[in-house]
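In my numbering, the protein residues as written are 183 to 300.
This is the structure:
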């Protein structure tokens, strides 16, 4: 298992730990000229929940994998927070922005894996 795949698995665990819903992993490794190798997208129920999921993710991955994001943006309104783990971009979104931007379907030619709810 590659380092990126191990980190993706840890990110998914961190999102599940924060009670994120509708988690998907978009594998972009076979797509040329992508900004990252994987995109992980999930939902939170409110700005408070999105903020909690993002904060929990950062601490969970640091504690359990020793990795910190390069940057995290979106805490101002917590409708959509992005965590940049270099080759892995994590999008934590409220339902409405996620439905509007429909990120996973921008990459329809990529492998998309839906993570079962716990």
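Note that beta-carbon positions come from the ideal geometry of N, C-alpha and C, so glycine has one too.
Assignment of residue 266 by DSSP, reduced to helix, strand and coil, places it in the strand class. Residue state for residue 204 is assigned as strand, using DSSP reduced to three classes.
Taking 8 Å as the upper bound for CB-CB distance, residue 232 and residue 220 are not in contact here, some 20 Å apart. Per DSSP, the continuous beta strand (DSSP E) segment holding residue 226 begins and ends at 220 to 226.
Going by DSSP, residue 286 is part of the alpha helix (DSSP H) stretching over 285 to 288.
Between residue 224 and residue 197, the C-beta gap is smaller than 8 Å, which places the two residues in contact.
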